[in-house]
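K.L.:
Quick one: this structure, given as structure tokens, is what I'll be asking you about.
Next comes the structure, spelled out in structure tokens:
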């Protein structure tokens with residue numbers, strides 16, 4: 008399916024590994040890395056998303072997931 012693209016917000020030590028893995032399956036024109044997003048830019052960022060994929064092994068209070076749901080964005084997370 009070529010009707011989607013991947014937007015990655017945030018950063019971490021495994022960013023380059025994630026990028027290489029994504030590029031095995033998608034063209035680079037369908038992948039966008041935003042890095043750390045300023046709170047003032049979050050409204051724009053939420054408008055880019057159709058689903059939030061949470062890859063964090065742990066997250067204090069689940070803030071990103073709660074914000075996603077409040078903004079009408081479903082969440083796909085690891086156990």
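Numbering (the numbering used here), first residue to last: 8 to 86. For every residue, glycine included, the Cβ atom is placed at its ideal position computed from N, Cα and C.
1) Check whether the segment 71-78 and the segment 45-63 are in contact - that is, three or more C-beta pairs closer than 8 Å.
2) Tell me which residue opens and which closes the beta strand (DSSP E) that residue 82 is part of.
3) Under three-state DSSP, which class holds residue 51?
4) How many whole angstroms separate the CB atoms of residue 18 and residue 45, which I take to be in contact at a CB cut-off of 8 Å?
5) With DSSP as the reference, identify every bridge partner of residue 39, one or two as the case may be.
P.N.:
In short:
1) With a cut-off of 8 Å, the segment 45-63 and the segment 71-78 count as touching, because enough Cβ pairs lie within range.
2) Sequence index remark: in the chain shown, residue 82 carries index 75 (1-based). Run containing residue 82: 82-84, per the beta strand (DSSP E) assignment.
3) As a position in the chain shown, residue 51 is number 44, starting the count at 1. Reduced to three states, the DSSP call for residue 51 is helix.
4) As a working mapping, residue 18 is identified with position 11 in the chain shown. As a working mapping, residue 45 is identified with position 38 in the chain shown. Going by Cβ atoms, the distance from residue 18 to residue 45 rounds to 13 Å, so no, they are not a contact pair.
5) Counting from 1 along the chain shown, the entry for residue 39 is found at position 32. Partner(s): 14.
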